[in-house]
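One structure below.
Protein chains: 2
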Amino acid sequence: MSIIFSRQCEYALQAVLYLALNSNGKMISIRELTNKLDIPYHFVAKILQDLTRKGLLVSHKGPSGGFSLVAPVKDITLLKIVEAIDGSGFMDNCVFGFPSCSCDNPCAVHEQWDKVRNSIHKMLATKNILEMAGETKKPQYQIKE
Amino acid sequence: MSIIFSRQCEYALQAVLYLALNSNGKMISIRELTNKLDIPYHFVAKILQDLTRKGLLVSHKGPSGGFSLVAPVKDITLLKIVEAIDGSGFMDNCVFGFPSCSCDNPCAVHEQWDKVRNSIHKMLATKNILEMAGETKKPQYQIKE
DNA sequence: TTTATTTCAGATAATATAGTCTTAAATTAC
DNA sequence: GTAATTTAAGACTATATTATCTGAAATAAA
Ligand code: FES
Ligand code: FES
Numbered sequence: 082m083s084i085i086f087s088r089q090c091e092y093a094l095q096a097v098l099y100l101a102l103n104s105n106g107k108m109i110s111i112r113e114l115t116n117k118l119d120i121p122y123h124f125v126a127k128i129l130q131d132l133t134r135k136g137l138l139v140s141h142k143g144p145s146g147g148f149s150l151v152a153p154v155k156d157i158t159l160l161k162i163v164e165a166i167d168g169s170g171f172m173d174n175c176v177f178g179f180p181s182c183s184c185d186n187p188c189a190v191h192e193q194w195d196k197v198r199n200s201i202h203k204m205l206a207t208k209n210i211l212e213m214a215g216e217t218k219k220p221q222y223q224i225k226e
Numbered sequence: 082m083s084i085i086f087s088r089q090c091e092y093a094l095q096a097v098l099y100l101a102l103n104s105n106g107k108m109i110s111i112r113e114l115t116n117k118l119d120i121p122y123h124f125v126a127k128i129l130q131d132l133t134r135k136g137l138l139v140s141h142k143g144p145s146g147g148f149s150l151v152a153p154v155k156d157i158t159l160l161k162i163v164e165a166i167d168g169s170g171f172m173d174n175c176v177f178g179f180p181s182c183s184c185d186n187p188c189a190v191h192e193q194w195d196k197v198r199n200s201i202h203k204m205l206a207t208k209n210i211l212e213m214a215g216e217t218k219k220p221q222y223q224i225k226e
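These protein sequence lines map, in sequence, to chains A and B. Using the working numbering, read the first sequence as starting at 82 and increasing by one per residue. Using the working numbering, read the second sequence as starting at 82 and increasing by one per residue.
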């Protein structure tokens, strides 16, 4: 688990990136996806269903069914996926866990943390999924045959 | 819970900062500390014992006993506390949760994440606890009479 | 129409994290 | 020495997160 996201969220990110890279028109099944990425079938199934309900994916049942990204891929950023799973405000809390995080009564690292927050936000929000896909060099995503 | 640390770790940070601000030679009891910070007594007790075993705090039993920071306060950074609780390598993982995080086969945000990592490291490692204490403006730490 | 494939939904189990309770041991103050 | 205070340690409970299992519903292909 990365320090910033839940497992669910990580799986969501991996899956969406896989869809962006490997679905050329066709749909991709949970089976293929979880096999390739080596992540748990049923658990990920639930996550994909969730993302579908939230309008980020489309699904289709039956043979040759599966999941794919919704049409306007350019609008999908990592941030949208993260917010769909971990909720917006996933970065609003104080590093020390103090009840409130504000400039009025800051903790010792509030100012620096604010900069880190901005960096993370930029990291998640500036590129869309297709652009992300191009920059990924993970063996799991090597398109085969 | 902040996105980067466990509850345990947050409590540890809060507690150590409290000790830095409020112990003027004397020891501070778990009771006082957890009351002031409004955090769970027994749970925090265990954390403080842990930090004591790891040499960051000293403890003393009996009336007027309690905890205080070890002598060379200048050497104690947030990073040391975090590493004592969440372990070192708490920041080594890939944002996407991919099995390995390296420059050889980077994910789409690896490069940017590396910068964030450095910022966080700097945030935790550059100032010692006493310096931190001075910059904190939380009502919980208002020193009373 | 039948069969195979696939998502969908809900129940259940396993694990990790957070938090509590109880008793013992040490120490101080009287 | 006795009583009060405080940390130490271990068992226990609660909650959240992660993961699995089962069966139903939809769909496509034969
Ligand atoms: S108050 Fe601590 S990060 Fe904002
Ligand atoms: S490979 Fe993803 S952050 Fe390094």
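Virtual Cβ for every residue (Gly too), placed ideally from N, Cα, C.
Name the one or two DSSP bridge partners that residue i has.
{"i": "residue 209 of chain B", "result": "B/158"}
{"i": "residue 148 of chain A", "result": "A/109 and A/140"}
Exposed or buried, what is residue i when buried is set at 16 or more other beta-carbons lying within 10 Å of its beta-carbon?
{"i": "residue 99 of chain B", "result": "buried"}
{"i": "residue 149 of chain B", "result": "buried"}
{"i": "residue 208 of chain A", "result": "buried"}
{"i": "residue 192 of chain B", "result": "exposed"}
{"i": "residue 52 of chain A", "result": "Because chain A is modelled from 82 through 226, residue 52 of chain A falls outside the range shown and cannot be assessed."}
{"i": "residue 216 of chain A", "result": "exposed"}
{"i": "residue 122 of chain A", "result": "exposed"}
{"i": "residue 184 of chain A", "result": "exposed"}
{"i": "residue 226 of chain B", "result": "Its pLDDT being 33, under 50, residue 226 of chain B is placed unreliably by the model, and the measurement read from it follows with that caveat. Classification of residue 226 of chain B: exposed, given that the 10 Å Cβ count is below 16."}
{"i": "residue 224 of chain B", "result": "Residue confidence for residue 224 of chain B is low, a pLDDT of 45 falling below 50, so the modelled location carries little weight; the figure read from the coordinates is stated next. Residue 224 of chain B should be labelled exposed."}
{"i": "residue 213 of chain B", "result": "buried"}
Which whole-angstrom value is the C-beta distance of residue i and residue j, which I expect to be below 8 Å?
{"i": "residue 108 of chain A", "j": "residue 146 of chain A", "result": "6 Å"}
{"i": "residue 205 of chain B", "j": "residue 163 of chain B", "result": "6 Å"}
{"i": "residue 165 of chain B", "j": "residue 137 of chain B", "result": "6 Å"}
{"i": "residue 79 of chain A", "j": "residue 87 of chain B", "result": "This structure leaves residue 79 of chain A out entirely; chain A is present only between 82 and 226."}
{"i": "residue 111 of chain B", "j": "residue 172 of chain A", "result": "Wrong, their Cβ atoms sit about 31 Å apart, outside the cutoff."}
{"i": "residue 189 of chain A", "j": "residue 132 of chain A", "result": "Actually they do not touch by this definition, with Cβ atoms about 38 Å apart."}
{"i": "residue 167 of chain A", "j": "residue 90 of chain A", "result": "5 Å"}
### Task
State whether the stretch 151-159 of chain A contacts the stretch 105-115 of chain A, with contact taken as three or more CB pairs (one from each stretch) at a distance under 8 Å.
no
### Stretch-stretch touch, CB-based, cutoff 8 Å, three pairs: the stretch 88-107 of chain B with the stretch 158-165 of chain B
yes
#### Entry: Cβ contact (3+ pairs, closer than 8 Å) linking the stretch 118-126 of chain A and the stretch 178-187 of chain A
no
### Inside the stretch 155-203 of chain B only - alpha helix (DSSP H) runs reaching at least 4 residues
159-167
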